[in-house]
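Protein chains in written order, with my numbering: chain L, 10 to 288; chain U, 10 to 288.
Backbone N, C-alpha and C fix where the C-beta goes; we use that ideal spot for every residue, glycine too.
Since this is a predicted model, take the numbers as computed values, not measurements.
Next up, the structure:
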């Protein structure tokens, strides 16, 4: 793990790291915010998964999360969104391959060697962070935006032992039924669609049967988001939550679009949501 | 004036504009944040001048200013830092020419045709903004970072009829006596150094004689700023303020560097500083 740069911010410290990651076979970057409270003991920790075209830096520079994180003593981890490097296969376009790992473990060639962001986030980076920072392992949450909202929801639903709270900004909730999902899952996982359910938040939440005792999920969605009807369809997730009695707060915001000006507006609410659940 | 894009943020609106600017002979970009209160009448307004290498977008995406601006009803204007376009002369390097207009009116060839950022900010953009947005013209302030802190201080000191409040993050206060200033003023204004005093905050404040009745100036400076001793030297401005009884709050912050993580940490304090003076 190599420290690339470090910056004081709101009394805490933002650090940019890179490390050689086995699961994805390349150097990976991530950032860590340690609040002032981390000097005195273990802290609750939230992972933020970014969306299509993003790197670890979009959250760090644009989300405006660090003031409230410092007040509430939250560690924030922001990983990259795909494997990187000249040796990693790529494709033209912005909705698949580099910058678009979709937080899955690919099974299809030529993607399966490197595009294993699911294992990277849930195992390799998870353990690396536990080993190197004052993270309270019983108080870890996860959130994300768009493709990263999909990542956060699916990872949470499959790993409630590791993540205790979840929220999302404008998430892809039903990739089995949207063009971004069809393209990504078709190429990463193959054309047998029954395998896609393992990476679909709507499908995964239905597996629970009765989730009435589980922590509330918070989702914010802008109503001027150009991807709302074609790709995001939060009503599908709302329906799935009702069926299994999963508590969901889905807030629809007039006038807000898909970008970081929307995210930064509601960031503090998400940090409070996690902070309250994580205790 | 052409609207390029618009985003809702914290209940207000961020708009990206471009316009054909006469003073600098090119298309110029700027952003405007209108708080919710702007729907009901004129609002106090603050200009933010960015530093070397920046555009209008650094403040807009990274400074984290819009939450408090929305709460306090402040319009925020973020211009670019130099003329732009293929027909505008440039030089290699990042501390002169494009991205480095230094908020002066150049007198030397080949810079004098386009590099007139002083007139652009204080006259052309100032009037354009007054004509098109609900700005209370008796409640306008200005602030900035590094080269933009130099711009804010010098523009304020020469135009107290137009700007009623000023503050700066890690400003260049004495360009007559630092390498960035020597290079920029030498090329833009010429080698006769007595002409440089017109763009030097330390020199300009001394002209006042007695500034004891003037509004307080706020400056924040990180003590881990790599440019502190070689370029910024806030103690020179502190000394000049004492001599003319200018009220100055100069805060030195241990561990903070020169970037937007530093700026965003103290942004709210600056907005409050302006908001209180502007009333």
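### Nearest to residue 231 of chain L (by Cα), restricted to the options L/245, L/250, L/260 and L/252
L/260
### Message
Within the continuous beta strand (DSSP E) that includes residue 35 of chain U, where are the two ends?
### Response
35-43
### Task
Return the residue from the list U/194, U/267 and U/82 that minimises the CA-CA distance to residue 20 of chain U.
U/82
### Query
What is the residue span of the alpha helix (DSSP H) that residue 245 of chain U lies within?
243-253
### Query
Does residue 18 of chain L have its Cβ less than 9 Å from a Cβ in chain U?
yes
### Query
Hey, would you say residue 269 of chain U sits closer than 9 Å to residue 151 of chain U, going by beta carbons?
no
#### Entry: Cβ neighbours of residue 211 of chain U in the same chain (closer than 6 Å, five flanking residues each side left out)
182, 183, 245, 246 and 249
### Query
residue 153 of chain U: buried (16+ other C-beta within 10 angstroms of its C-beta) or exposed?
buried
### Query
In the region 253-275 of chain L, which residues sit with their C-beta less than 9 Å from some C-beta in chain U, listed in chain order?
262, 263, 264, 265, 266, 268, 269, 270, 271, 273 and 274
### Task
Provide the residue(s) that pair with residue 20 of chain U in DSSP beta bridges, ordered along the chain.
DSSP lists no partner for residue 20 of chain U.
### Task
Evaluate residue 72 of chain U with the Cβ neighbour count: other Cβ atoms within 10 Å of its Cβ, from every protein chain shown; 16 or more gives buried, anything less gives exposed.
buried
### Interface residues of chain L facing residue 84 of chain U [CB-CB closer than 8 Å]
Near residue 84 of chain U there are no residues of chain L at all, since even the closest Cβ is about 16 Å away, more than 8 Å.
### Query
Which residues in chain L sit within 8 Å of residue 70 of chain U, going by Cβ to Cβ distance?
70, 71 and 269
### Neighbour list for residue 23 of chain U in chain L, Cβ cutoff strictly below 9 Å
270
### Task
Label residue 276 of chain U either buried or exposed according to how many other C-beta atoms from any shown protein chain fall within 10 Å of its C-beta, with 16 as the threshold for buried.
buried
### Query
Contact check, residue 54 of chain U vs residue 23 of chain U under 8 Å by CB: the rounded distance?
Wrong, their Cβ atoms sit about 14 Å apart, outside the cutoff.
### Query
Mind checking if residue 195 of chain U is an interface residue toward chain L, Cβ cutoff 9 Å exclusive?
no
### Task
With distances taken Cα to Cα, identify the nearest neighbour of residue 166 of chain U among U/139, U/220 and U/37.
U/220
#### Entry: Nearest-angstrom Cβ-Cβ length linking residue 156 of chain U and residue 61 of chain U, presumed shorter than 8 Å
5 Å
#### Entry: Closest Cα partner of residue 241 of chain L within the set L/115, L/266, L/10 and L/118
L/266
#### Entry: 8 Å Cβ shell around residue 50 of chain U - same chain, five flanking residues per side excluded
143
### Query
Contact between the region 29-39 of chain U and the region 117-136 of chain U: three or more CB pairs below 8 Å?
yes
### Query
For the putative contact between residue 88 of chain U and residue 39 of chain U, defined by C-beta atoms under 8 Å, what is the C-beta separation to the nearest angstrom?
4 Å
### Query
Does residue 281 of chain L come within less than 9 Å of chain U when only Cβ atoms are used?
no
### Task
Report the rounded CA-to-CA distance for residue 196 of chain L versus residue 112 of chain L, giving the unit in angstroms.
13 Å
### Query
Taking C-alpha atoms, which residue in U/209, U/207 and U/227 lies nearest to residue 179 of chain U?
U/227
### Query
Helix, strand or coil: how does DSSP classify residue 180 of chain U here?
coil
### Query
Any idea what DSSP makes of residue 30 of chain L, helix, strand or coil?
strand
### Message
I need the DSSP call for residue 260 of chain U, collapsed to helix, strand or coil.
### Response
strand
### Task
Compute the distance between the beta-carbons of residue 43 of chain U and residue 174 of chain U, then report whether it is under 9 Å.
no
### Message
Considering only their Cβ atoms, is the gap separating residue 202 of chain L from residue 213 of chain L smaller than 9 Å?
### Response
no
### Task
Name the one or two DSSP bridge partners that residue 1 of chain U has.
Nothing about residue 1 of chain U can be reported from this structure: the residues present for chain U run from 10 to 288 only.
### Query
Considering residue 277 of chain U, what are the terminal residues of the alpha helix (DSSP H) in which it resides?
269-287
### Query
Terminal residues of the continuous beta strand (DSSP E) containing residue 198 of chain U?
Here residue 198 of chain U belongs to no beta strand (DSSP E); instead the alpha helix (DSSP H) covers 188-198.
### Task
List the whole-angstrom C-beta distance separating residue 229 of chain L from residue 255 of chain L, where the pair is believed to meet the contact cut-off of C-beta under 8 Å.
Not quite, the Cβ-Cβ distance comes to about 17 Å (not below 8 Å), so this is no contact.
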